[in-house]
Structures are given as C-alpha cells and as structure tokens.
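Participant: Chains as they are written, first to last, in the numbering used here: chain G, 1071 to 1367; chain Y, 1071 to 1367.
Cβ atoms here follow ideal geometry from the backbone N, Cα and C, with glycine treated the same way.
Predicted model only: the values in this text are computed from it and were never measured.
1) Would you say residue 1168 (chain Y) lies against chain G (beta-carbon separation less than 8 Å)?
2) From residue 1071 (chain G) to residue 1366 (chain G), what does the alpha carbon distance come to, in whole angstroms?
3) Take the Cβ of residue 1309 (chain Y) as the centre, count every other Cβ of all protein chains shown within 10 Å, and call the residue buried at 16 or more, exposed below.
4) So, is the C-beta of residue 1140 (chain G) closer than 8 Å to a C-beta in chain Y?
5) What residues in its chain sit with their C-beta under 6 Å from that of residue 1098 (chain G), if we drop five residues either side in the sequence?
6) Quick one: is residue 1071 (chain G) near chain Y, going by C-beta distance under 8 Å?
7) Quick one: list the residues of chain G neighbouring residue 1288 (chain Y), beta-carbon separation under 7 Å, in chain order.
8) Using a beta-carbon distance below 8 Å, is residue 1293 (chain G) in contact with chain Y?
9) Note down, in chain order, all residues in the region 1228 to 1244 of chain G with a beta-carbon under 7 Å from any beta-carbon belonging to chain Y.
10) Got a sec: which bits of the region 1272 to 1285 of chain Y sit with their beta carbon under 7 Å from any beta carbon on chain G, in order along the chain?
11) According to DSSP, is residue 1356 (chain Y) helix, strand or coil?
12) Which residues share a DSSP beta bridge with residue 1145 (chain G)?
13) Could you give the distance in angstroms between the alpha-carbon of residue 1136 (chain G) and the alpha-carbon of residue 1091 (chain Y)?
14) Against chain Y, with Cβ distances strictly below 8 Å, would residue 1338 (chain G) count as a contact?
15) Kindly indicate which residue of Y:1179, Y:1352, Y:1235, Y:1175 has the alpha-carbon position closest to the one of residue 1121 (chain Y).
16) Only counting runs of 3 or more residues, tell me where the beta strand (DSSP E) segments fall wholly within the region 1222 to 1295 of chain Y, in order along the chain.
17) Could you tell me whether the region 1275 to 1283 of chain Y touches the region 1227 to 1236 of chain G, using the rule of 3 or more Cβ pairs below 8 Å?
18) Can you find a C-beta in chain Y that's less than 8 Å from the C-beta of residue 1111 (chain G)?
19) From residue 1403 (chain Y) to residue 1093 (chain G), what does the alpha carbon distance come to, in whole angstroms?
20) Look at the alpha carbon of residue 1132 (chain G) and the alpha carbon of residue 1170 (chain G), and state the distance between them as a whole number of angstroms.
21) Report the residue ranges of all beta strand (DSSP E) runs contained in full by the region 1167 to 1228 of chain G; include only those spanning at least 3 residues, in chain order.
22) Going by other Cβ atoms of all chains shown within 10 Å of its Cβ, with 16 needed for buried, is residue 1349 (chain Y) buried or exposed?
23) What is the DSSP secondary structure of residue 1132 (chain Y), reduced to helix, strand or coil?
24) Counting only Cβ-Cβ distances shorter than 9 Å, please list the residues of the region 1147 to 1165 of chain G near chain Y, keeping chain order.
25) So, does the CB of residue 1349 (chain Y) fall closer than 8 Å to a CB anywhere in chain G?
26) Residues in the region 1190 to 1221 of chain G with C-beta within 8 Å of chain Y's C-beta atoms, listed in sequence order?
27) Can residue 1238 (chain G) and residue 1306 (chain G) be called in contact, C-beta distance under 8 Å?
28) Less than 8 Å between CB atoms is the rule here; does residue 1183 (chain G) satisfy it with respect to chain Y?
29) By Cβ distance, which residues of its chain are closer than 8 Å to residue 1355 (chain G), with the 5 residues on each side in sequence left out?
30) For the region 1299 to 1317 of chain Y, enumerate the residues whose C-beta is nearer than 9 Å to any C-beta of chain G, in chain order.
31) Does the region 1139 to 1156 of chain G come within contact of the region 1247 to 1255 of chain Y, defined as at least 3 CB pairs closer than 8 Å?
32) Do residue 1211 (chain G) and residue 1319 (chain G) have their C-beta atoms closer together than 8 Å?
33) For residue 1328 (chain Y) and residue 1088 (chain G), I'd like the C-alpha separation in whole angstroms.
34) Put residue 1125 (chain G) into one of helix, strand or coil per three-state DSSP.
35) Keeping to the same chain, check which residues put their C-beta closer than 6 Å to that of residue 1159 (chain G); ignore five residues upstream and five downstream.
36) Output needed in chain order: residues of the region 1101 to 1134 of chain G with a Cβ under 8 Å from some Cβ in chain Y.
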C-alpha cells in the first residue's frame, strides 16, 4: 500500500454495518474524533456505490488511508473479505485484508469449524484485537461480545480460538416486535430485581421457550406485577451466559461491546459467580483499527 | 338454556380462534359435517358484531344451540369466560360456560398456578376432554397439544392438572418471517433425517439460542447441505419435548392436534424413547363438543 498514502500520518476507520455506519478520524498522534454516524448501512448502498462513498469521505476529510470493518466485507457488502479460520491472530487478519482500492482496506471476519460446530464473526474481531492490544482483554481466557448475535470467544495465546454465537439480541428484538409478548416487552430494560430474577432462572433452567410463555400467562392471571421487559431480557441473557460459560474456560470474562449490554451481561455473570471486566466497544474498535494500521506502515 | 332449544336435537360447534373460525353441525345422531371455515377470527369482528354473526349462522343453518370454544372467550373475544383453575374437570368447565345469549355457550379456558408457575389454555380443553371421553387419551398420564403454543398437560384422575406451554410454533413461525434465518426456513418441514438430527440435538443439549445461529453459520461456511427448515423445526421440537418430559410423568404421551404436528412430535418422542398416540385435533374438538352438549341436556 504505497503511493502517497501513509498510515502513520493518520487514517479514517469505518465500522460499516448492515444498517448503520460510523467513521472516525484517527490522527497521527492517536487522537480520534467521530466524523460520520448515519444509517447508510451496506444494504442501502447501490451496486457500484462504494467507490463513490469512499470518494465522498475523502473529499470531505482528506486523502487518508481508510480501514473498513464490519459487514462491508460480507457477501452483501462491497467486496467479500473471506473469513480467516480460527485460531486467528491479528497478523493473520492483517495479512487477509482485502484492498478494493489503493489504501482502502477491508478487514476480514473470522470463522470457526470443528466437526458440526460452525460459527462466524464479522466486525467483532477488530474490537477484540483492540482490547487485546491495550491489555484490556486476556491473551488466554474467555471473552464475550454481547449484541444482536452475542459471541463467546476463547482466546488462545493471543488468537481468537473456538467461539460461539447466541441469538439473544435478535430474539429479544423480534419478540418485542412480533407475537404475543409484544405488549410486555416495550419498557426499557435495566439491571433491576426483575432482570436478576430472569437471569437466575435462565442460568439455572433450560426451559427458555416455556418460561417466555409464562411471562404472558402470569400477566393474564394478574400473578404479580413485574418489569416484564427486564425479566425477559434477564431470562435470555441468563440462558446466554449459561451457554457461554459451558463453552469457555475459567477465570474472569472480558465483556466488550455497548455499555448498556455489557452492564447487563456483567450482572448475569455476577449471579453465576464469575467476575467480568467491561470494555466499551467503540473504544475497542478504535484501538483495534490503530493496532491494524500500525501493521500496515 | 331453556326455551325451544334442545341440545339433543343437534347443535352447532364453533372453534372460534384469533385469526380463523371453523364450525360444524353436530346432528342428533352424533354425525358431524363442517359448515364454516373462514378467516373471521375474533380480532376481525367489530364491537357488537358477535350477535349479528350468530344470527347469520342460525339463519343459514337453523335455530340450533351453539357451543363456542377458543379465543372467543378471551378478553379480546365476545364475552370473557374466566379461566377455570386446574385441576379442572369436564363438569367444572361445563359449570363455568358463559351464556351471552339464549342457547349460546362459550367454553372457558383453564389456568394453572403454583407459586411462580403460571399457565393458561383456551381451546385445547375441548379437544382434551373429547379425547378423554372416547378413551383416546388417558385419565392419568401425560398429554401434549402441539401448536403455536404447545401445551404439555398432566392429566390427574380425568382432570386437567398442572400444564405448561412452550412457544415452539410461534418461534418457528417468527424466525421464518424475521431475522437472519428467514432464507433458511422457507422449505416445508418433514420428519426426515435432518429433522431427527435437530430433534436429537434439542433433546440432548440446552443451547437452543446458540444452535439456531449455527444453522446460519454452517450455511455461510458451506458446511454440509442440509434441510435447514426441518433441522430447525427438529431443534425447537426436541427442546420442547425435553421440557415437556421433564415436566410430566411416565408412560406413553397422548398427542392431540394437527396431524402434521403430532407426526413431528411423535418422531421426537420416539427419539426420546417414549411411545405416543396421535389424535386428530379436529376430531377431538367435535368429540369434546359432544361430551359438553350431553351435559347441557
């Protein structure tokens, strides 16, 4: 990546997802500031529209190298950046960056296969290696990235090892928009007693699809007022943590992601008797983008 | 109940649900034939519209007594027929029928409470007592009614005892219309090897919300062609059966409901080492309506 572009003079990092994109200027001295936050997700960019968007960003913010992470590297994005197979190190990921234009890099996702076990991530890997680069997450240990599809990752020697996704966020979102629980799930979720009761249930019982119906039944029968949205969230996150802990090793869990979500997962982990550290996902993304850019000099 | 209406001279039985209704003429000699099958569910009937609908049915099919079951007795129906608390006998249910008009009876649902455990059914009770009246289901034993919200019922001395609902049907339907699994869940489900593989997983593992994501990941990674709709259905039904069997007692399970669904549940039960009998839900409904009508003479 030669030409006039020098990563050490600063670059633009873009987290380009399915429905949203955010971009930051990363200055030569490491300082960052957000330059873009809109709803132009990859699904909204027309065929051939990505070079236009890149040109628009450069016109406005200067001819900087650009690092793109997230679903822009999927088969629905600009150019597919094939998954790097776990165990995946930061060097392995950097080596597999795709370059659709000069000094425009697309970070690949990571895949995991073991017999019938199969999983994929795309976007979380930048945050994970960012947290790792700053010593915020362990080189060996269990890590969790809550979200639409929460990821539980076993870090092995500084590489992303086996990992597993849980559809917690998607299920909560879907249940709050469709079906019989809609009316019960409109309140804001918080880590209150009802959340904890749900998480305790989810951690201890393997009857999620039945207990979700109980929320409706208790309501119909007037069986105790309850913050049902928090209870349901606790139930799903409790089941999620139960699955994640069964999957991973011991020790504290590094939670990376949206602060509201890592707070809920930390609460459920506490009920499971596990310590957790919380790392802001945006911060981790920028640390990861810098760690990658350092390897591109 | 009195007047010119005599149940023994034949009556009309209506299964009036949220989105559909079906009605049958039950002749004095017990023979039945369907007279109505349309999408005028209770949510589509305007305020005050039920007497008009009843009059229309009688004008077309004669001044017969009418027995109404299903969501027409809910708080979104015509008149609420409050739940009868389990243990609920057929006599107890008949005694709680609501009469919005002369010789128009609405069958109540059944509720279950035990500490935090809570559940409700409305509509299934007619089928259950129909199967029981003909000796198709046991007076003591485990019974399952698959559907949008599958019900597992412990029958105790001929009464509906503790029961539990599992959101299997709603979840499968929702996942096939919203979210990342849509494309994978459009095929028709059948009790094939992939269904059995899903059911085996669901019976043996308590990681439903993770294994659902694996369907997507395996597809993205080209990890083995598979009838994903059947696998996902097997997974959900396997988890459902695991919950149901943990809830109920021993012995064969009486499956009552739509033949396509009872076939799938029978297959999953077989994998769990349990025998099952299958009873057609429509047949059971009419048997139940007759059993109720006999008590109204």
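Facilitator: Judging by the given coordinates:
1) Chain G places no beta carbon closer than 8 Å to that of residue 1168 (chain Y), leaving this residue out of the contacts.
2) Note that residue 1071 (chain G) scores 41 on pLDDT, short of 50, meaning its location in the model is unreliable; the coordinates nonetheless yield the value given after this. When only Cα atoms are considered, residue 1071 (chain G) and residue 1366 (chain G) end up about 8 Å apart.
3) The Cβ neighbour count for residue 1309 (chain Y), taken over all protein chains shown within 10 Å, is at least 16; the residue is labelled buried.
4) Judged by the 8 Å Cβ criterion, residue 1140 (chain G) is not in contact with chain Y.
5) Within the same chain, residue 1098 (chain G) has close Cβ partners 1079, 1080.
6) Note that residue 1071 (chain G) scores a pLDDT of 41, beneath 50, so its modelled location is shaky; the value from the coordinates is reported in the next line. Interface criterion not met: the Cβ of residue 1071 (chain G) is under 8 Å from no Cβ in chain Y.
7) 1188, listed in chain order.
8) Interface criterion met: the Cβ of residue 1293 (chain G) is under 8 Å from a Cβ in chain Y.
9) For the region 1228 to 1244 of chain G, which is checked against every Cβ of chain Y, the residues closer than 7 Å are 1234, 1235, 1236, 1237, 1238, 1240, 1241, 1244.
10) So the list reads 1276, 1277, 1278, 1279, 1280, 1282, 1283, 1284, given in the order they occur along the chain.
11) Under the three-state reduction of DSSP output, residue 1356 (chain Y) falls in the helix class.
12) According to the DSSP secondary-structure assignment, residue 1145 (chain G) is paired through a beta bridge with no residue.
13) Computed Cα separation, rounded: 59 Å.
14) Closer than 8 Å to the CB of residue 1338 (chain G) there is not a single CB belonging to chain Y.
15) The shortest C-alpha to C-alpha distance from residue 1121 (chain Y) to any of Y:1179, Y:1352, Y:1235, Y:1175 is the one to Y:1175.
16) DSSP runs (the beta strand (DSSP E)) wholly in the region 1222 to 1295 of chain Y: 1229 to 1236.
17) Short answer: they touch.
18) The beta carbon of residue 1111 (chain G) does not come within 8 Å of any beta carbon belonging to chain Y, so the residue lies off that interface.
19) For residue 1403 (chain Y) there is no data in the structure shown, the boundaries of chain Y being 1071 and 1367.
20) Answer to the nearest angstrom: the Cα atoms are 19 Å apart.
21) Complete beta strand (DSSP E) runs here, min 3: 1168 to 1171, 1174 to 1176, 1180 to 1184, 1187 to 1191, 1211 to 1215, 1220 to 1226.
22) Classified as buried, residue 1349 (chain Y) has 16 or more neighbouring CB atoms from the shown chains inside 10 Å of its CB.
23) The answer is coil: DSSP assigns residue 1132 (chain Y) none of H, G, I, E or B.
24) Flagged, chain order: 1153.
25) So, not an interface residue.
26) Closer than 8 Å at the C-beta level to chain Y, one finds these residues of the region 1190 to 1221 of chain G: 1190, 1219.
27) With contacts defined by Cβ atoms closer than 8 Å, residue 1238 (chain G) and residue 1306 (chain G) form a contacting pair.
28) So, interface residue.
29) If you ignore the 5 residues before and after residue 1355 (chain G), its C-beta comes within less than 8 Å of the C-beta of 1083, 1085, 1139, 1196, 1197, 1200, all in its own chain and listed in chain order.
30) Against chain G - using a Cβ distance shorter than 9 Å - the residues of the region 1299 to 1317 of chain Y are 1306, 1309, 1310, 1312, 1313, 1314, 1316, 1317.
31) Counting Cβ pairs under 8 Å, fewer than three are found: no touch.
32) Cβ distance < 8 Å, so residue 1211 (chain G) and residue 1319 (chain G) count as in contact.
33) Note on geometry: alpha-carbon atoms of residue 1328 (chain Y) and residue 1088 (chain G) lie some 39 Å from one another.
34) Residue state for residue 1125 (chain G) is assigned as helix, using DSSP reduced to three classes.
35) The residues 1229, in chain order, have a CB closer than 6 Å to that of residue 1159 (chain G) in the same chain once the five nearest residues on each side in sequence are set aside.
36) Listed by position, the residues of the region 1101 to 1134 of chain G near chain Y (Cβ gap below 8 Å) amount to none.
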